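In the numbering used here, the protein residues as written are 6 to 179.
Structure record follows, encoded as structure tokens.
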């Protein structure tokens, strides 16, 4: 009897210490918390998702966004730069890096990243038409990272104004 009990306890301990959740499961848990404004709690689940799948762009993007919401702009920049390791032309990550440098009042750096975002494939003209076809379980599409050019130009224009480069700022803000 004691021998069987030891086996049962050992197996129970082994199974309870295993983590059967996928990176996507943790991402979904974090998303629910983010919807409630619980960014610190969401980051804990995003950390687990990223630990399981380091190139999970939605998790990196959301963790960066959550850090921005918590005023951790440097931490957000690091997360967005991790996306660039896997997807160097990611327009949304480039723009968000620019936004966070602007929040840190590093306007020159913000302009660099806004310009890079404008030159990326995902910077679309405001009059562009594109068709999105959503397949089931297809929640990480390249189109999720597209940004309209006028949005990026607006943000860059603000940075130019802060640098007192008014001609460039006005050009972007038009």
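The beta carbon of each residue, even a glycine, is placed where N, CA and C say it ideally should be.
A quick note: this is a predicted structure, and the numbers were derived from the prediction, not measured.
Nearest neighbour of residue i, chosen from the options [CA to CA]
i: residue 72; options: 46, 99 and 177; result: 46
i: residue 106; options: 67, 161 and 50; result: 161
i: residue 56; options: 84, 166 and 102; result: 84
i: residue 103; options: 165, 38, 126 and 169; result: 165
i: residue 38; options: 179, 125 and 68; result: 68
C-beta atoms of residue i and residue j nearer than 8 Å
i: residue 62; j: residue 88; result: yes
i: residue 31; j: residue 50; result: yes
i: residue 154; j: residue 175; result: no
i: residue 54; j: residue 74; result: no
i: residue 100; j: residue 122; result: yes
i: residue 158; j: residue 177; result: yes
i: residue 91; j: residue 60; result: yes
With 16 other Cβ atoms within 10 Å as the buried cut-off, status of residue i
i: residue 66; result: buried
i: residue 150; result: buried
i: residue 172; result: exposed
**Report entry** Inter-stretch contact at 8 Å, needing at least 3 Cβ pairs: the stretch 108-116 / the stretch 88-99
**Finding:** Judged by Cβ distances under 8 Å, the stretch 108-116 makes no contact with the stretch 88-99, as fewer than three pairs qualify.
Query raised in the report: Can you give, in chain order, each stretch of the alpha helix (DSSP H) that sits fully within the stretch 12-90 and has at least 4 residues?
Result: Fully enclosed alpha helix (DSSP H) runs of 4 or longer: 28-40, 44-57 and 62-74.
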